[in-house]
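These protein sequence lines are chains A and B, in that order.
According to the numbering used here, the first sequence is numbered sequentially starting from -10.
According to the numbering used here, the second sequence is numbered sequentially starting from 235.
Have a look at the structure below before the remarks.
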Amino acid sequence: MARPNWVPAGTDLDKPNAARVYDYYLGGSHNFEVDRRMARQAMELWPDLPKIMRANRAFLRRATQYVAADGISRYLDIGSGIPTFGAVHEVAREYRPDARVVYVDLDPVAVAHSRLILADDDLCQVVDADLRNTDDLLSRPEVEELLAPGEPVAVILNAVMHFVTDDDESAKILARLREALPSGSALILSHASLEGRPDQAGSHQDLYRATPTPLTMRSREQITAMFEGFDLVEPGVVYLPEWRPDDADTVDPHPERMTGMAGVGRLS
Amino acid sequence: MTEAAAPDHGFRTAWAAMLRTGHGAAVRPGVLNPLIARTADLLHRAAEEHPFRPELAGQVGALLIDNHFTDPQLLSDAVQLIQTRPVPDGRGPALSGAFAAGWAAALRERTLREQEAIRLAADTARQEVERALRVSEARFRALFESSAIGIGIGDTDGNILAVNRALGEIFGGGPEDMQGVRVNDLMHPEDTPGVWEAYEELIGGTREYFQFDKPYYRRDGEVVWTHLTVSLIRDDDGSPLYQVAMLEDVTDRYRLQERLRHQATHDPLTGLPNRAAFFERLERLFESPEPDARFGLCYVDLDGFKVVNDSLGHDMGDQLLTVVARRLESALSPLGHMVARLGGDEFVVLLENCRGEQEAVAAAKTVLAALTRPVVIGDHRLAVGASVGVLERRISSTTPGAAVRAADLTLYRAKEAGRGRWTLFDPKENARAVSRYAVSVRMPAALDRGEFFIDYQPMIDLSSGAMTGVEALVRWRDPQLGVLSPEEFVGVAEETGLIMPLGRWVLEQACEQAADWVARFGDRAPKVSVNLAVRQARNAGLVGDIDRILRSTGLDPSMLQLEITESTVVGPEDEALKALHALVDMGVSLAVDDFGTGWSNLAYLRDLPVSNLKIAGSFVGDLHDPAKDTHLGWRIVSGLVSLAHTLGLSVTAEGVESRADAERLRLMGCDLAQGWHFGRPVRPAEIARRIAEGDPDRTAELPAETGPGGVERRHAPLDAAPAARQLPVPGPDFADEPEIAPSAGPESAPGIGPESAPGTDREA
Ligand SMILES: C[S@@+](CC[C@H](N)C(=O)[O-])C[C@H]1O[C@@H](n2cnc3c(N)ncnc32)[C@H](O)[C@@H]1O
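Dropping the structure here:
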């Protein structure tokens, strides 16, 4: 995995890419035919996918609001993708106008896009780094600067840890991040899950196997374990729509259909 | 807007609910709430205001798209909802249409914008990647070009495609000189076995990399040693594509290693292979010999080297050794023999593939011939000679260790036989010497294990026939070698220094025994006589030791006699003299043992505080040698007796074996006698029995024994004859006690000296 960071990752536009496929599910047009072809294939098998993605995005919005309202104004959004709308800095600034965000992604196209749209925002930075190369990520100047003052930082790992296929590796990444975080920091994490729709999980993973970012769905237990060292905020690790909904009535009667699980943890 | 209780209240609620679900759930409240209000308001105005402005509905569609409500399902839901709203003057269809058109037009714009943005991002990313690639390629190139390690890239057919400067330099040229060179051209006769097999495996794709130290020829013909690492590069499908070789010049390290190896295996003075190298070579020879392969060894020791070294100095000695080494080397190397220096003035010639004894002897003669011419160093003409021990054997018949020992012992014999000669290995001589060797190895532990014991031989007062004394004689019962007599181990004990503890032990035992006899038999107890080794006499602790032993055993000093040899005291200044005086002052008496055999200096015999002379057994023994003049023999003995008496000393005759001799000695005035005629050395209990029985006069009691036919060789120099242990020929009475032929009396016959008994058993 450890690739010296001065050897760039390729931009293979012939292969579907998680960031752009995700954008397509969300109704965006930041994607190419390869991405759409794969997305359509996936949706054919699993028509709920766009809804699930929206639920994921909605969780990110609520979780960001929650920590921002709690006073956090520094964000490290890892695997940020193509934040077409409702980007973390926008949501956070509703509560903390001074909110700073460092967006991190592995995909050079996503990074380039983020840079284009964030060029004028002094409080936002975009870093191309691989989460699995955690030490490298943490040593990037933008990230160091974000962590330096020792103020609480919200690390966002939304719909990205399932791209780390090895369990040992994911545990190491989280431990490493936790060590680097000042006290009072938060972890916002959502993850594709085996629970809810075990019938769908297999074929969906198969589809991602062909992408540069294969996908591993995990159980609630495994996902909860990722919060080790953090205090889970109520209601703990739950289906995406169940996490602190704006209005209890708007929760879909079948939250398990939104097969992602999510939670927020705080570092004491 | 102010439609709190507006007639479209129901519509507004449904509109808000629609926008809050689906995508709306992901939109932050700060955006979503104003959006809901604004769009509902615009729709209200489009429906109610005059004039009818359908574009207001179109704006609603655009606003939704701006906030990413791009889901076609939303369009469908929204149109249906708008349709349900009561609208005046038939505006409904137009209003819906305008909304849908506004939504679609904005979506199209948005789509195009996003497509453009993502294209731009993709381009930017690609450019960025290309730039980074160029940078990294430049870095790699710099790394390649300026690397201190030689790097070469080749294809899997063995064609060298590119090399860097360092590699060119390793080969003594520039990178361009490597053009057209093939990997296979780079073989070297000293290549480590396996390097080319590994190479074949690598280009064949069954091995990922290998590492070896490998020599190459430089362009100028010199050899360069490299630490070589070769790795295989595969293409995306995993087929072998390139080989990358990295070479580090380790010639200096190699040279250093070789020098260190040379130093470790060569004698710095003469440049000859050293002891370690010789043994390594010898052992290699023994590793897997042909069945009949033979080898030869010539052990060479210079004669008189010590004299040169001591009189002319070490420098001269060193120069002499250098010349000798050169001569031996140039005389023997052409014959294919190895010459090594073992240390000091010892050299060895190793004959591999020896064709027989003749060849080995010839080599020894060559050695001697090479050293006949005097060596001229400065003004000195030094006559050097050498002694050579020659060994020639089948490899399979021996071991390196045994061969070396045998050659060494053979050399010893050559030296003994007179210098300047070679001696051929003799298995019989060797066997004797080897047993001596075994003794030296086993002895240290023997004392701890209590393998030594003491026998006592009676000493008879010739005038009364009473046993007035006993001589303590130490024995060693070795579990493997059997019972050994002093001749067989005392020499070794002297050499190893073990004589000190052993001698002390004998003294303790003998005194304790004597004290025991005194306690049991009072006046009738014999005086005990113990041999003292030269080394013991010279030891500063002797007087203290004896004092302590006498005190602890309670033995009266007058009951102890110490036997020394003539060589114990070599001059009036000898320190040993002081100790002897102190002992005599203490009340202990002294005897000179083996009198007449050493370099007796009668002058200082006078200064010695001795009270007894023991005439060596050989004098009495000679009386029965048919080859010798008996008459003269008796005159010598009688001369010795009167000499002793003149000096005021009593005389003891050793080796008395017949009643006739005993009688004659008595008549001559000899005071005491000892020998088989009066009793062999026996266990202390036997002595006790004789005391108790009132020790009859053996002169009368024992049948006369035939005199010794053999000659006692007690005084052959210690180092001349390895304490040979001749075959025991037990007499009928002594079947369980091997008789030892005393052959070597060390210059001192310590506590431990040989008994006065004949060497050969005439009874057999
Ligand atoms: C499904 S998107 C999630 C985007 C956003 N976090 C959200 O939840 O809306 C996953 C993103 O993670 C990125 N990603 C996948 N593996 C990654 C890794 N090892 N390091 C950094 N980013 C990674 C992908 O490029 C993609 O943009």
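Glycine included, every Cβ here is placed at the ideal spot set by N, Cα and C.
Cβ of Leu467(B) within 7 Å of any chain A Cβ: This sequence places Ile at residue 467(B); Leu is not what is there. False, the Cβ-Cβ gap to chain A never drops below 7 Å.
According to DSSP, Asp94(A) sits in a beta bridge with which residue or residues? Asp117(A)
Is Gly75(A) near ligand 1 - that is, is its Cβ less than 6 Å away from at least one heavy atom of it? no
Below 9 Å between beta carbons is the criterion; list the residues of the segment 148 to 160 of chain A that meet it against any residue of chain B, in chain order. none
Taking DSSP as the reference, what is the three-state secondary structure of Cys745(B)? helix
For Ala559(B), which option in Gln592(B), Phe520(B), His500(B) has the closest C-alpha, if you only look at C-alpha atoms? His500(B)
List the DSSP bridge partners of Thr463(B). Gln445(B), Met480(B)
Inside the segment 826 to 904 of chain B only - beta strand (DSSP E) runs reaching at least 3 residues: 846 to 849, 884 to 887
Which of the three DSSP states, helix, strand or coil, is assigned to Arg373(B)? helix
Going by beta-carbon coordinates alone, are Ala744(B) and Leu789(B) separated by less than 7 Å? no
Mind checking whether Val764(B) and Leu796(B) have CB atoms under 7 Å apart? yes
Anything in chain B within Cβ reach of Asn20(A), meaning under 8 Å, just list it in chain order. Ile352
Determine, for Trp(-5)(A), whether the minimum Cβ-Cβ distance to residues of chain B falls below 7 Å. Annotation note: pLDDT 44 at Trp(-5)(A) (below 50); position unreliable, no value reported.
Nearer than 6 Å: is that true of the beta carbon of Asn398(B) relative to any heavy atom of ligand 1? no
Distance cut-off 6 Å: Phe219(A) Cβ against heavy atoms of ligand 1: no
Under a Cβ-count criterion, where at least 16 other Cβ atoms within 10 Å of its own Cβ denotes burial, should Thr933(B) be classed as buried or exposed? Any reading at Thr933(B) must be qualified, since the residue scores a pLDDT of 41, below 50, and its modelled position is unreliable; the value itself is stated next. With 16 or more other Cβ atoms within 10 Å, it is buried.
How far does the beta strand (DSSP E) with His180(A) in it extend, from its first residue to its last? 175 to 181
Please list, in chain order, the chain A residues whose beta carbon lies closer than 8 Å to that of Glu348(B). Gly17, Ser18, His19, Thr73
So, helix, strand or coil for Thr504(B), using DSSP? coil
Backbone CA spacing between Thr440(B) and Asp156(A) [nearest angstrom]: 32 Å
Relative to the C-alpha of Arg917(B), which residue among Lys448(B), Ala706(B), Phe245(B) is closest? Ala706(B)
Beta carbon of Ile71(A) nearer than 7 Å to that of Asp3(A): no
Could you pull out every residue in the same chain whose Cβ sits closer than 6 Å to the Cβ of Ala338(B), ignoring the five residues on either side in sequence? none
Taking only three categories from DSSP, how would you classify Glu580(B)? strand
Residue range of the alpha helix (DSSP H) that includes Pro608(B): Note, Pro608(B): premise wrong, no alpha helix (DSSP H); not H, not E.
So, is Thr205(A) buried or exposed, given that buried needs 16 or more other C-beta atoms within 10 angstroms? buried
Between the segment 29 to 41 of chain A and the segment 131 to 139 of chain A, do three or more beta carbon pairs fall short of 8 Å? no
What residues in the segment 484 to 496 of chain B have a beta carbon less than 8 Å from any beta carbon of chain A? none
Starting from the C-beta of Asp651(B), find all residues in its chain whose C-beta is less than 7 Å away, skip the five residues before and the five after it, and write them out in chain order. The amino acid occupying residue 651(B) in the given sequence is Ala; Asp does not appear at that position. Result list for Ala651(B): Thr657, in chain order.
Suppose the cutoff is 6 Å on Cβ atoms and the five residues either side in sequence are ignored; what does the same chain contact list for Phe48(A) look like? Ser179, Leu229, Trp232, Ala251
Helix, strand or coil for Gly530(B), going by three-state DSSP, please let me know. strand
Chain B within 7 Å of Ala31(A), Cβ atoms only: no
For Pro97(A), which residues in chain B fall below 7 Å Cβ to Cβ? Ala359, Glu362, Val363
Taking the alpha helix (DSSP H) that Ala57(A) belongs to, which residues open and close that run? 38 to 58
Just to confirm before moving on: does the CB-CB distance between Asn846(B) and Ala813(B) stay below 7 Å? no
Hey, Ser159(A) and Leu183(A) are a contact pair by Cβ (cut 8 Å); roughly how many whole angstroms apart? Between Leu183(A) and Ser159(A) the Cβ distance is about 15 Å, and since that is not below 8 Å, they are no contact.
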